[in-house]
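J.: Here it is: the structure, laid out below.
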Amino acid sequence: MRGLAGKTGIVAGGGRGIGAATAWRLAAEGAAVVIGDIVEEWAIETARAIREEGGKTIGVRLDGTSAVSQADIVGAALSEFGGLDFYHSNLAGGTEGDIDILNCSEEVLDRSFAINAKSHFLATQAALPVLLERGGGTMIYTSSGAAISGNPLQVAYPMTKNALHALVRHVARKFGKQGIRANGICPGVVMTEAVAQHLTDEYVSSMLEAIPHRRLGQPDDIAGAVAFLASDDGEWVNGQLWHVNGGSLLRD
Ligand SMILES: NC(=O)c1ccc[n+]([C@@H]2O[C@H](COP(=O)([O-])OP(=O)(O)OC[C@H]3O[C@@H](n4cnc5c(N)ncnc54)[C@H](O)[C@@H]3O)[C@@H](O)[C@H]2O)c1
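First residue of the sequence shown: 1, per the UniProt record's numbering; consecutive thereafter.
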């Protein structure tokens, strides 16, 4: 993609799943990538595997809910690769116990907001000053179709993803004139390791029947969209929430 080679980016929650696929894709496009994950071994192992194929990458421990850890990963991009051009804030977790509104505890709500909303806030606070100083850059966030689908089975997670949409629009509106772009991607069902282990064959069949596509999502489907947004091909895309879902939600 245009202008991606030579850029440096961070992928938060890049140890596995969509984040790991994105790190692979970005490295294949010639970007240098700092992979951060709370499971440090996953970050290090993914980075090692990419380096073995010739990519420029390092893996570091990141606790996305900590401002200090977010500052450290931005510092790692600067010290290892000499700059930062984009940050893919992709991590998520803490959904255990997130049921419907009558069955979700306050503790689960707080945990979900810390991991799934506050982490993106802190990522932005850590990365933006560096991007602004360089004259521009890109924030890309992973949201979810669950933000807008009216999910009867979870309450906290969709709430956090809607909070993320507000962050995307705030950053785009406030800093667009200073060369900052902020966008979010809302995946449909993507068959990552984490998702695959929770889905029964019946559920997969019912989803396949409902979707106007021949298959469910793969991590590479999202990685391609992130790479586009990080590249100069995505130059005029700002403040958007893109649904990448095989057509499972049809909307403007
Ligand atoms: N897979 C799907 O079907 C799907 C659908 C919609 C949205 N999403 C979104 O896509 C993103 C990636 O999902 P995935 O399916 O690849 O999940 P995943 O669980 O495979 O990956 C998430 C990564 O984030 C890391 N992480 C969790 N908490 C962290 C923290 N506090 N600090 C740093 N790292 C942390 C995990 O260790 C993991 O490696 C998430 O934002 C998720 O909400 C996924």
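Don't be surprised by glycine CBs; every beta carbon is placed ideally from N, CA and C.
Which residue's Cα is closest to the Cα of glycine 247: Gly9, Asp110, Ala23, His213?
T.: Residue mapping note: residue 247 aligns to position 247 of the sequence shown, counting from 1. It is His213.
J.: Any heavy atom of ligand 1 inside 8 angstroms of the beta-carbon of isoleucine 115?
T.: The sequence position of residue 115 within the sequence shown is 115, counting from 1. It does: the Cβ of isoleucine 115 is within 8 angstroms (strictly closer) of some heavy atom of ligand 1.
J.: Buried or exposed, going by whether 16 or more other CB atoms sit within 10 Å of the CB of glycine 184?
T.: As a working note, residue 184 is residue 184 in the sequence shown. Glycine 184 comes out buried.
J.: So is the beta-carbon of alanine 194 under 8 angstroms away from any non-hydrogen atom of ligand 1?
T.: For the purposes of this step, residue 194 is taken as residue 194 along the sequence shown, with counting starting at 1. Yes, since a heavy atom of ligand 1 falls inside the 8 angstroms radius drawn around the Cβ of alanine 194.
J.: Mapping DSSP to helix, strand and coil, what is arginine 16?
T.: Position 16 of the sequence shown, counted from the first residue, corresponds to residue 16. Taken through DSSP and simplified to helix, strand or coil, arginine 16 comes out as coil.
J.: Thinking C-alpha only, which one of Gln154, Gln125, Gly54, Val74 is nearest leucine 102?
T.: Working through the sequence shown from its first residue, we reach residue 102 at position 102. For leucine 102, the nearest C-alpha among the options comes from Gln154.
J.: Pull up the distance between the alpha-carbon of leucine 78 and that of leucine 84, whole angstroms please.
T.: For the purposes of this step, residue 78 is identified with residue 78 of the sequence shown, where counting begins at 1. For the purposes of this step, residue 84 is identified with residue 84 of the sequence shown, where counting begins at 1. Cα to Cα, leucine 78 sits roughly 6 angstroms from leucine 84.
J.: Secondary structure at leucine 199, three-state DSSP: helix, strand or coil?
T.: Start at 1 with the first residue of the sequence shown, and residue 199 comes out as number 199. Leucine 199 falls in the coil class under three-state DSSP.
J.: Hey, could you find the ends of the alpha helix (DSSP H) aspartate 221 is sitting in?
T.: As a first step, residue 221 must be located in the sequence shown, where it is residue number 221. Per DSSP, aspartate 221 belongs to the alpha helix (DSSP H) from 219 to 230.
J.: Express the C-alpha separation of aspartate 221 and valine 244 in angstroms, rounding to a whole number.
T.: Within the sequence shown, residue 244 is the residue found at index 244, counting from 1. Within the sequence shown, residue 221 is the residue found at index 221, counting from 1. Roughly 8 angstroms between the two C-alpha positions.
J.: For alanine 32 and isoleucine 73, what's the separation of their Cα atoms in angstroms?
T.: Taking the sequence shown and counting its residues from 1, one reaches residue 32 at position 32. Taking the sequence shown and counting its residues from 1, one reaches residue 73 at position 73. Approximately 14 angstroms, taken between the alpha carbons.
J.: For the alpha helix (DSSP H) containing alanine 126, name the first residue and the last one.
T.: For the purposes of this step, residue 126 is taken as residue 126 along the sequence shown, with counting starting at 1. It spans 119 to 133 - the alpha helix (DSSP H) in which alanine 126 sits, taken as one unbroken run.
J.: For isoleucine 10, is the beta carbon positioned less than 8 angstroms from some heavy atom of ligand 1?
T.: On the sequence shown, position 10 is the one that residue 10 refers to. Flag unset: Cβ of isoleucine 10 not near ligand 1.
J.: Quick check: glycine 59 and glutamate 40, are their CB atoms within less than 9 angstroms of each other?
T.: Residue 59 sits at position 59 when you count from the first residue of the sequence shown. Residue 40 sits at position 40 when you count from the first residue of the sequence shown. In this structure, glutamate 40 lies closer than 9 angstroms to glycine 59 by Cβ.
J.: Leaving out five residues before and five after leucine 122 in sequence, what residues of the same chain have Cβ atoms less than 8 angstroms from its Cβ?
T.: Against the sequence shown, residue 122 aligns to sequence position 122. So the list reads Gly64, Thr65, Ser66, Ala67, Gln70, once near-sequence residues are dropped.
J.: So, for alanine 182: in the same chain, excluding its five sequence neighbours on each side, which residues have a beta-carbon less than 6 angstroms away from its beta-carbon?
T.: Along the sequence shown, one-based indexing puts residue 182 at 182. Only Met139, Val168, Val171, Ala172 meet the Cβ criterion.
J.: Taking three-plus beta-carbon pairs below 8 angstroms as touching, is the region 88 to 100 in contact with the region 44 to 51?
T.: no
J.: Out of Ala114, Ala194, Leu241, Trp24, state which residue places its alpha-carbon closest to the alpha-carbon of glycine 145.
T.: One-based indexing of the sequence shown puts residue 145 at position 145. For glycine 145, the nearest C-alpha among the options comes from Leu241.
J.: Assuming contact is defined by CB atoms lying nearer than 9 angstroms, are leucine 91 and glycine 13 in contact in what I supplied?
T.: Locating residue 91 in the sequence shown gives position 91, where the first residue counts as 1. Locating residue 13 in the sequence shown gives position 13, where the first residue counts as 1. Yes, the pair counts as a contact, with Cβ atoms nearer than the cut-off.
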